[in-house]
Amino acid sequence: MISETLSMTQEGPVRCLVLNRPDRLNALDTGLRRRVADALNEASDDGDVRALVLTGAGERAFCAGQDLQESAEIDPAAGRHWMASWKAYFQALCACKKPIVVALNGVAAGAGLQTALLGDLRIGVAQARLIMAEVDVGLPAITGSFLLTQHLGASRAMELLLSGRAMPAEEARAVGLLSEIVAPDLMAGRARELAQELAAKPPCAMRLTLANLRRSIAEGMEEAEDAAVAYQSEAVATGEPQKVMAAFLARRRDRAAGSTR
Amino acid sequence: MYEFLKVDTKDAIGTITLDRPEAMNAWHSPMRQELARALNEMNQTESVRAVIMTGAGERAFSAGQDLNETKSFDPERAGTWVEEWRALYSAIRGMRKPLIAALNGVAAGSAFQVALQCDIRVGHAGSRMGQPEINAGIASTLGPWLMKEMLGLSRTVELVLTGRMMDGEECHRIGLIHYYVEAGAVMAKAREIAEDLAAKPPVAMRLNKARFEEVTRPGFEDALAAGSRTQKEAYESGEPQRMMEAFFAERAKRKSTA
């Protein structure tokens, strides 16, 4: 089945989801978030699915995170509603009953990185970059902070969050965020192979082990999301993120216009 | 006095050797009880200021749970099994003196968890460690909790879902083995560390240990409670029993063709 921005294929017990907006670096707009959440919820309860692969289309990005075009246009009054739609998206990842292999075909930024961190096994190409740069677009990274701390401990998480710097794939492997670096043309195959391996594990032990691993993360994410509603609303109400994002988008338009001249 | 352990004390250092080498020092209920008793006795013996735990033979620190015991569990026994771990783990967590793991060989599953609950780990290239429970159809809760505290979420999930065993070099690189030495030097290094720690001021040592126990208690209790629920549900499904039968059948086949 193929929808416009999320493609889905099934090979044996493995379902493969591909974020498919390569012209927008596979950014998560409201529609794509809903499609990913629906697909995860469905796979969760589908007895024929024993493991998932999640990756992105194109060579540049796994997922650039939130769609800045969409975010820049949020009405301050709609901030809470916007956050609720993110909550449903992350909820679907946290509640998934099947193991998820994330294959980073390129950059994972912001919510794209959070998506990757909520997966179970991560592999990536050498060109992949991991970025949590909410601070650069004027937004506090509340759930991102929680997830990075769970994965890396407080010291590395704080440095990444406050600097917003891009972590290269090699460093991500050294600190344990990626378990393997794979050549671009081999990555899809390797991701399926790992998913097949997980799909072959005793299903009851897999389900219970996953449920236990997800439980503590789901609780922390829920708390972070509630906090995020308050923090993001405060940021959006000041108008700062919209201004910073509008300036960013204007610079990008100028560059695009300049490069065609 | 002990059937499955060798226990000895020299100067201020106590040594507990897991001693079922024919079974890779795997433990069953009576051996776990002995180990808890030995630790409690060392803890109460004032002249002992540091304790080393190691395994007999060259292959294994301990293979962890003796699957011959668990294969015949019913759901109710699986629930009480988790409570039995409380006794052993509480003995380790209650130690008021430093506990050093001399990893002479593989430490798998619950033996990996015991090693992680020791304070300092000495190992060599053959000190393979990991949490292979999933491959035997056993869900794990306590292992992932201990691992996440030490390794963070990413490595924990990868190791727990794949059941992959790490070699000693990887364990050292990611911080689980503090001292990485030649296989023949593991015991001597452990003894050197034990002597160093035994010479520290005992009150500060005891209070530091007590504080670590206190701050990790909520996580420990949560993981044990989750373990009781989870093991009961797993055994109700019949999956672990089937997986372990298959494991023994496979092993018998390998032996008969070898």
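In the order they appear, the protein sequences are chains A and B. Quick note: the first sequence, position 206, residue 206 per this note's numbering, numbers continuous. Quick note: the second sequence, position 166, residue 1166 per this note's numbering, numbers continuous. Note that beta-carbon positions come from the ideal geometry of N, C-alpha and C, so glycine has one too. In this text the structure is predicted, and so the values were computed from the model without any measurement.
Cβ atoms of residue j and residue i: under 8 Å apart, would you say?
i: glycine 12 of chain A; j: leucine 54 of chain A; result: no
i: glycine 1109 of chain B; j: glutamine 1065 of chain B; result: yes
i: isoleucine 1177 of chain B; j: arginine 1121 of chain B; result: yes
i: proline 99 of chain A; j: leucine 210 of chain A; result: yes
i: proline 140 of chain A; j: glutamine 66 of chain A; result: no
i: alanine 103 of chain A; j: alanine 188 of chain A; result: yes
i: glycine 220 of chain A; j: glycine 1152 of chain B; result: no
i: valine 1160 of chain B; j: glutamine 1131 of chain B; result: yes
i: methionine 1205 of chain B; j: proline 1098 of chain B; result: yes
i: glutamate 1058 of chain B; j: glycine 1105 of chain B; result: yes
i: valine 107 of chain A; j: alanine 88 of chain A; result: no
i: isoleucine 1013 of chain B; j: methionine 1053 of chain B; result: no
i: serine 44 of chain A; j: alanine 95 of chain A; result: yes
i: leucine 1197 of chain B; j: alanine 1050 of chain B; result: yes
i: glycine 267 of chain A; j: valine 244 of chain A; result: The question about residue 267 of chain A has no answer here: the residues shown for chain A are numbered 1 through 261.
i: lysine 337 of chain A; j: isoleucine 1134 of chain B; result: Summary: the structure shown does not reach residue 337 of chain A, with chain A confined to residues 1 through 261, and so no result is reported for it.
i: methionine 1095 of chain B; j: asparagine 1043 of chain B; result: yes
Where residue i and residue j are concerned, what is the direct C-alpha to C-alpha distance, given to the nearest angstrom?
i: histidine 1028 of chain B; j: asparagine 1208 of chain B; result: 32 Å
i: isoleucine 1193 of chain B; j: isoleucine 1100 of chain B; result: 8 Å
i: arginine 1191 of chain B; j: glutamate 59 of chain A; result: 54 Å
i: glycine 56 of chain A; j: leucine 186 of chain A; result: 14 Å
i: threonine 1156 of chain B; j: alanine 1087 of chain B; result: 25 Å
i: tryptophan 82 of chain A; j: alanine 64 of chain A; result: 18 Å
i: proline 168 of chain A; j: leucine 113 of chain A; result: 13 Å
i: asparagine 1040 of chain B; j: alanine 1078 of chain B; result: 25 Å
i: valine 49 of chain A; j: phenylalanine 90 of chain A; result: 20 Å
i: arginine 207 of chain A; j: valine 175 of chain A; result: 27 Å
i: serine 155 of chain A; j: threonine 238 of chain A; result: 29 Å
i: methionine 1147 of chain B; j: alanine 1225 of chain B; result: 17 Å
i: alanine 1246 of chain B; j: glutamate 222 of chain A; result: 41 Å
i: leucine 249 of chain A; j: alanine 224 of chain A; result: 28 Å
i: alanine 72 of chain A; j: threonine 1080 of chain B; result: 56 Å
i: serine 216 of chain A; j: asparagine 1068 of chain B; result: 32 Å
i: lysine 1255 of chain B; j: alanine 1036 of chain B; result: 34 Å
i: cysteine 204 of chain A; j: proline 1218 of chain B; result: 27 Å
i: glutamate 1034 of chain B; j: tyrosine 1002 of chain B; result: 7 Å
i: aspartate 46 of chain A; j: glutamine 10 of chain A; result: 12 Å
DSSP state of residue i, grouped into three classes?
i: glutamine 1231 of chain B; result: helix
i: methionine 1031 of chain B; result: helix
i: isoleucine 1013 of chain B; result: strand
i: methionine 1 of chain A; result: Low per-residue confidence applies at methionine 1 of chain A: pLDDT is 44, beneath 50, and the placement is therefore not dependable, though the value from the model is reported in the following sentence. Coil, per DSSP.
i: threonine 115 of chain A; result: helix
i: lysine 1253 of chain B; result: helix
i: arginine 1020 of chain B; result: coil
i: aspartate 185 of chain A; result: helix
i: glutamine 127 of chain A; result: coil
i: isoleucine 1177 of chain B; result: coil
i: methionine 1244 of chain B; result: helix
i: threonine 1045 of chain B; result: coil
i: methionine 1001 of chain B; result: coil
i: proline 1259 of chain B; result: This structure leaves residue 1259 of chain B out entirely; chain B is present only between 1001 and 1258.
i: proline 168 of chain A; result: strand
i: cysteine 204 of chain A; result: helix
i: aspartate 254 of chain A; result: helix
Excluding sequence positions up to five away, which residues of its chain have a Cβ less than 6 Å from the Cβ of residue i?
i: valine 263 of chain A; result: Lying outside 1 to 261, the shown extent of chain A, residue 263 of chain A is not represented and no answer is given.
i: glutamate 180 of chain A; result: Ile123
i: glycine 164 of chain A; result: Ala133, Val135 and Asp136
i: methionine 1 of chain A; result: Summary for methionine 1 of chain A: the model assigns pLDDT 44, below 50, so the residue's position carries little reliability, and this model does not support an answer.
i: alanine 1234 of chain B; result: Ala1139 and Pro1240
i: threonine 70 of chain A; result: Inspection of the sequence shows that residue 70 of chain A is occupied by glutamate rather than by threonine. Asp29, listed in sequence order.
i: alanine 264 of chain A; result: Any answer about residue 264 of chain A is impossible in this case: the structure gives chain A only from 1 up to 261.
i: histidine 1172 of chain B; result: Tyr1180
i: aspartate 1011 of chain B; result: none
If residue i and residue j are in contact, beta carbons under 8 Å, what's the gap, nearest whole angstrom?
i: proline 1030 of chain B; j: phenylalanine 1061 of chain B; result: Wrong, their Cβ atoms sit about 19 Å apart, outside the cutoff.
i: threonine 5 of chain A; j: arginine 21 of chain A; result: 5 Å
i: threonine 1230 of chain B; j: threonine 1162 of chain B; result: Going by Cβ atoms, the distance from threonine 1230 of chain B to threonine 1162 of chain B rounds to 19 Å, so no, they are not a contact pair.
i: methionine 1165 of chain B; j: leucine 1116 of chain B; result: Their Cβ separation, rounded to whole angstroms, is 14 Å, which puts methionine 1165 of chain B and leucine 1116 of chain B out of contact at 8 Å.
i: asparagine 212 of chain A; j: proline 1144 of chain B; result: 7 Å
i: alanine 199 of chain A; j: alanine 51 of chain A; result: 4 Å
i: leucine 40 of chain A; j: leucine 32 of chain A; result: Their Cβ separation, rounded to whole angstroms, is 12 Å, which puts leucine 40 of chain A and leucine 32 of chain A out of contact at 8 Å.
i: alanine 1056 of chain B; j: leucine 1103 of chain B; result: About 13 Å separates the two Cβ atoms, so there is no contact after all.
i: threonine 1070 of chain B; j: methionine 1244 of chain B; result: 6 Å
i: leucine 147 of chain A; j: leucine 161 of chain A; result: Contact doesn't hold; Cβ gap of about 10 Å is too wide.
Spatial neighbours of residue i within its chain, please: C-beta separation below 7 Å, excluding the five flanking residues on both sides.
i: aspartate 1167 of chain B; result: Ala1125 and Arg1128
i: leucine 177 of chain A; result: Arg122, Leu130 and His151
i: alanine 228 of chain A; result: Met83, Ile142 and Thr143
i: glycine 1227 of chain B; result: Val1082, Thr1141 and Leu1142
i: glutamate 1236 of chain B; result: Pro1075
i: alanine 37 of chain A; result: Ala88, Tyr89 and Ala92
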